[in-house]
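Those protein sequences? They're chains A and B, same order as listed.
Take 1 as the starting number for the first sequence in full-length UniProt numbering and just add one per residue.
Take 1 as the starting number for the second sequence in full-length UniProt numbering and just add one per residue.
The C-beta atom is built at its ideal place from N, Cα and C for all residues, glycine as well.
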Amino acid sequence: MAGLPRRIIKETQRLMQEPVSGITALPDENNARYFHVTVIGPKESPYENGTFKLELFLPEEYPMSAPKVRFLTKIYHPNIDKLGRICLDILKDKWSPALQIRTVLLSIQALLSAPNPDDPLANEVADAWKSDESQAIETAKAWTQKHAI
Amino acid sequence: MFRALRNRSGLQMSTILLTVKFSSSCSCPVDVDLESSVLDVKSTLSKQLQIPAEEIQIILAGRILADKSTIKDLCIGNCSVLHAFTQKPPEFDVKVGNESADGNTNTSVRKGELRYQYFVFCKECQCLQPGKLRVSCQSCKSGYIILYRDPDNFDDVQQRGRINGECKSEQCNGQQREVEFYFKCTGHQGEERETAAVLKHVRPNRKHRLCVVCSETGSPVMVFPCERRHVICLDCFKSYCVVRLNDRGFTENENVGYSLPCPVGCPNSLIEDPHHFCLLGVDQYERYKSFATEEYVLQNGGVLCPAVGCGSGFLLTEASRKVTCPTCQKGSHQKDDPTIDNYHTVSL
């Protein structure tokens, strides 16, 4: 871990010692800035029981710029596109150097509980969500069953 | 702590030259050892001036110096100017008694705490330097004033009229006067009344608090004025400002100007004095100033000239549809610049 800023070392240690419920984040053996992440689908959401894999990368400028996070598991969600990119304000203009890996992953978990079709990234999914929400939730459940379990 | 005592070649000196001013027409240069006491200085003066040592009182930064304090305790640099006055001992026997009785340890402890309490941005040194607080009389501008009480906070120092003192100069002759505070850089020997901008959010990190960005415990640090007093180290402060400047992410506020909140985003956490942005270095500070001006112009209904390389901002006085940019018109562009014809008017 030579040359790794103390902040990243401390955050990694804390993620290991005090893991967040429903979230795991393990640094890659060869790259301490790359994390293998899993997020468990929150209860009473269409993603319940699913285990979603994500990748998280801390760029050189971190924590001045946001971590880059992407879903690797396919997911049916209005704010996550088919490439796994996430529309979340704190990963863009609302990023602050006082936020951490932990807070980012908690926000992503919260996004699974509360999809926001009014600020969509995947337009088709958002349209489906707005026109027939119960049908969209069924599709999301089916995708979870197919890809995340 | 010896920083202020180094001479320009960086060598530590064991003696320094002080100037003790008795009045505008009478001042005495004295060579003093750092280990010598205020009383030793008084004895030296006493021999030079033929005045009994017990009649001499020396003032520094609004306080009468206790006899037992050493020059080292005072944290003053070479070529410092001290002020003095003479007074028959009986008149303030009690006061002197107090000063030296509870005084001595107290004075040095208090001075110890004061060490590096303030930081200034020094234009001469072009960097952050420990600063020292100095006082003068509002009326005669001299340093012969003795404070009635010490300042407790920045408001006491920065707002006029909160602290008064007794001025011992010939002109004021013991009258009650308003006190003027100012800050000096400890990094170089300046003129007696040379001032430096104090950076009120920069403090020593005595409690080893963690920087909210890098989790290190460096010192000094910026302490934001939010309720939780979030702390950021100066390196992170610079990168935080530059990143936000690149995004034009500063906030224009009518009270504090173009500023930044604490990185956590707490309410009421804007940096209250733009001098702090001097810490970004000359180039970034220039950028900060031009962005700040542009933001001010735009928020107050002004316009910016769109001509390439111009960008002058101006506030409109009349409700006309088109205005001519005052800068371009004055010919600040090349005469054959083809863009001028197209751009020297700004449509609203």
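- The beta strand (DSSP E) runs of length 3 or more contained entirely in the segment 249 to 280 of chain B are, from start to end of the chain, 251 to 253 and 257 to 259.
- Annotation: the continuous beta strand (DSSP E) that includes Ile56 (chain B) extends over Ile56 to Leu60.
- Ile149 (chain A) is classed as exposed because its beta carbon has fewer than 16 other beta carbons within 10 Å across all chains shown.
- Taking the beta carbon of Ala98 (chain A) as reference, the chain B residues within 8 angstroms of it are Val212, Val213, His230, Cys262, Pro263, Val264 and Gly265, listed in sequence order.
- Each of B:Ser25, B:Glu286, B:Ile76 and B:Glu170 was checked against the Cα of Gly187 (chain B), and the nearest Cα belongs to B:Ile76.
- The beta carbons of His230 (chain B) and Val264 (chain B) sit closer together than 7 angstroms.
- For Ser312 (chain B), no CB of chain A lies under 7 angstroms from its own CB, so it is not counted at the interface with that chain.
- The three-state secondary structure of Phe291 (chain B), taken from DSSP, is helix.
- Look at Lys72 (chain B) here: in three-state DSSP terms it is helix.
- Under the three-state reduction of DSSP output, Thr44 (chain B) falls in the helix class.
- Among the residues facing chain B, Arg14 (chain A) is not included, as its CB has no counterpart in that chain under 7 angstroms away.
- CA-CA distance, Leu72 (chain A) to Leu83 (chain A), rounds to 8 angstroms.
- Closest by C-alpha distance to Leu280 (chain B), out of B:Gln126, B:Gly309 and B:Arg209, is B:Gln126.
- Under the Cβ distance rule, Glu170 (chain B) does not count among the residues neighbouring chain A, no pair being separated by less than 7 angstroms.
- Taking a Cβ-Cβ cut-off of 8 angstroms, the neighbours of Pro5 (chain A) in chain B comprise Cys214, given in sequence order.
- Think of a sphere of 8 angstroms around the beta carbon of Lys10 (chain A): the chain B residues whose beta carbon falls inside it are Ser215, in chain order.
- Leaving aside the five residues that flank Met64 (chain A) on each side, the residues in its chain whose CB is nearer than 7 angstroms to its CB run, in chain order, Pro97.
- Non-local C-beta neighbours of Thr38 (chain A) in its own chain, meaning closer than 6 angstroms and more than five positions away in sequence, comprise Thr24, Thr51 and Lys53, ordered along the chain.
- Using a CB distance cut-off of 7 angstroms, Pro27 (chain A) does not count as an interface residue toward chain B.
- Excluding the 5 residues flanking it on each side, Leu65 (chain B) has same chain C-beta neighbours closer than 6 angstroms at Val38 and Ile58, in chain order.
- Beyond the five residues adjoining it in sequence on each side, Trp143 (chain A) comes within less than 7 angstroms, by CB distance, of Lys74, Ile75 and Tyr76 in the same chain, given in chain order.
- Between Ser239 (chain B) and chain A, the shortest Cβ-Cβ separation is below 7 angstroms.
- In the structure shown, the three-state DSSP call for Ile40 (chain A) is strand.
- Tyr240 (chain B) sits buried, since 16 or more C-beta atoms from the chains shown fall within 10 Å of its C-beta.
- In the DSSP assignment, His83 (chain B) falls within the unbroken beta strand (DSSP E) covering Val81 to Thr86.
- The DSSP-derived three-state label of Leu18 (chain B) is strand.
- Judged by DSSP secondary structure, Ile9 (chain A) falls outside any beta strand (DSSP E) and instead within the alpha helix (DSSP H) spanning Arg6 to Gln17.
- For the 7 angstroms CB-CB criterion, Arg7 (chain A) and Cys214 (chain B) form a contact.
- Assignment of Val20 (chain A) by DSSP, reduced to helix, strand and coil, places it in the coil class.
- Only residues of its own chain outside the window of five on either side were considered, and among them Leu91 and Trp95 have a CB closer than 6 angstroms to the CB of Ala66 (chain A), listed in chain order.
- Think of a sphere of 8 angstroms around the beta carbon of Val81 (chain B): no beta carbon from chain A falls inside it, the nearest being about 44 angstroms out.
- Distance from the CA atom of Lys146 (chain A) to the CA atom of Ala128 (chain A), rounded to whole angstroms, is 19 angstroms.
- If you look at Phe183 (chain B), you'll find it in the beta strand (DSSP E) that goes Gln176 to Cys185.
- Here the segment 142 to 151 of chain B lies against the segment 159 to 174 of chain B, with 3 or more beta-carbon pairs under 8 angstroms apart.
- Where Thr139 (chain A) is concerned, the enclosing alpha helix (DSSP H) starts and stops at Glu133 to His147.
- Among the residues of chain B, none has a CB under 7 angstroms from the CB of Pro19 (chain A); the nearest is roughly 19 angstroms distant.
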